[in-house]
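S.K.: Residue numbers (this note's numbering): 62 to 547.
Ideal Cβ positions, reconstructed from N, Cα and C, are used throughout, including at glycine.
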Ligand code: ADP
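(1) Following a CB-centred definition, is residue 218 positioned closer than 8 angstroms to any heavy atom of the ligand ADP?
(2) Per the contact definition of three or more C-beta pairs closer than 8 angstroms, is the stretch 161-172 in contact with the stretch 503-521?
(3) For residue 301, is the beta carbon positioned less than 8 angstroms from some heavy atom of the ligand ADP?
(4) Would you say residue 349 touches the ligand ADP, meaning its beta carbon is less than 8 angstroms from a heavy atom?
(5) For residue 473 and residue 366, what's the separation of their Cα atoms in angstroms?
(6) Is the beta carbon of residue 295 sitting closer than 9 angstroms to the one on residue 217?
(7) What does a CB cutoff of less than 6 angstroms around residue 302 pick up in its chain, not counting 5 residues either side in sequence?
(8) Can you name, in chain order, every residue of its own chain whose Cβ lies under 6 angstroms from the Cβ of residue 182, other than the five neighbours on each side?
(9) Just checking my contact of residue 293 with residue 241 at CB under 8 angstroms: how many whole Å lie between their CB atoms?
(10) Determine the closest residue to residue 314 out of 210, 201 and 466, with distance taken between C-alpha atoms.
(11) What does DSSP give as the partner residues of residue 542 in its beta bridges?
(12) Can you find at least 3 beta carbon pairs, one from the stretch 78-87 and one from the stretch 105-120, that sit closer than 8 angstroms?
(13) Within its chain, find whatever has a CB closer than 6 angstroms to the CB of residue 414; leave out the 5 residues flanking it on each side and keep chain order.
(14) Does residue 450 come out as helix, strand or coil in the three-state DSSP assignment?
(15) How is the beta strand (DSSP E) around residue 481 delimited, first residue to last?
(16) Just curious, the alpha helix (DSSP H) that residue 125 is in, first and last residue?
(17) Between residue 264 and the ligand ADP, is the CB less than 8 angstroms from at least one heavy atom?
(18) Does the beta-carbon of residue 543 have 16 or more other beta-carbons within 10 angstroms, so that it is buried, or is it exposed?
(19) For residue 424, list the residues DSSP reports as bridge partners.
(20) Can you give me the C-alpha to C-alpha distance between residue 93 and residue 68, rounded to a whole angstrom?
(21) Using alpha carbons as the reference points, say which of 257, 430, 338 and 186 lies closest to residue 70.
(22) Take every Cβ of the stretch 187-204, pair it with every Cβ of the stretch 215-229, and state whether three or more of those distances are shorter than 8 angstroms.
(23) Can you list, in chain order, the residues of its chain with a C-beta nearer than 7 angstroms to that of residue 477? Leave out the 5 residues immediately preceding and following it.
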């Protein structure tokens, strides 16, 4: 074990199927690396279709007893899981920082955020009500009940190794579903520690299964092709999301997809610029720019463009890049070589077409995964950075003249996850808030994630909502019963 945990049993390096720590049948493993140092952390089973089938069958076997429990019973186990996660916050944060790179304070924040979904849905699970509907006939009654969908597959990304799992699994489990989780290949250790805590909380064998693999495709084929799985909940790239949606069509599975974004962050001339800068820092540079709601295009009105660029530069210059385990570091590494190469390509494209890097613009050191926090000015819509998700600490500043142009630019994308704008005029706030084709709009606010609010996108950013009172809806079916012959 290359790191010292208060609770060494949270160091788990095997898959978790039917309540047992499990190797790949082939005996194959893959390496988990620390993106800050390249250090080899662990070898984890490289599973495929057969282990996934076993996990699905285990989840199916566990389903009848789990869904038959009272909601309160399930809620008590979820609550225990929440308490155990919070008690293990420091260990989970360290695991996360080591395999994912985000600074420890941010990782601890994610543990609290991730756990909050468990707490929230433990409570919501007790309030999954049906209806009695006024009937169409005097001798009949119409009743609806909401029932768990069944076995759920959850495929999750590396940027939030804990929260993307709990945001899907907590509502599923609270509703009475059982789950098979496929965590991202870069960050399986947090997922496995979560499974250990779930075991201790009292989830029966087979209710929560974790299958690990170096590539998603084989497991994905089984999860989407197997008729036992009734729903897929996926967070990740748009490309893979579309593929999985196609694969789910053969068995007509329900899908929830949380895909890429291209968030505009609009600064109007009546904005409080200092607040806009603080919001831009929070939205753009969290997790080194690797969140799907990170500001991707900063659109600034002509008359405040230069002042905003200057204030933002002062603030960005104060960010501290380094290993996330060190005190005071605010910017960790990017997840891997592929990620940093993509950011370099986008910056090079913008600069070759006339953008200027007023800050950063390159790696901290050659061959490292650290990218210097960057501000690009003079960025225009013909540059790739206008239409592609950066997923790195680069703030491109676009210029606009009036409200109509800002809205047009903001909506000029197939994506529609999060958008942000800063303004004070109340008429403008309503107009722009309603005109933005996005699932989430932050108004004078750069951080919008909370378990209490519905998170999700429109257009090619996804289907469904996670968190909030709506989050359970994605995991239940409405059954209509007509009681006649009264
Ligand atoms: P990113 O580009 O952020 O890594 P991906 O969409 O590639 O996003 O990955 C998100 C999750 O999807 C990960 O768990 C990954 O292993 C999984 N994944 C990638 N390709 C496939 C696939 N063909 N089938 C199923 N899962 C996949």
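M.R.: The answer reads as follows:
(1) yes
(2) no
(3) yes
(4) no
(5) 21 angstroms
(6) yes
(7) 295, 318 and 320
(8) 231, 232 and 235
(9) About 10 angstroms separates the two Cβ atoms, so there is no contact after all.
(10) 210
(11) 204
(12) yes
(13) 444
(14) coil
(15) 479-483
(16) 110-129
(17) no
(18) exposed
(19) 432
(20) 20 angstroms
(21) 257
(22) no
(23) 498, 499, 500, 518, 519, 520 and 522
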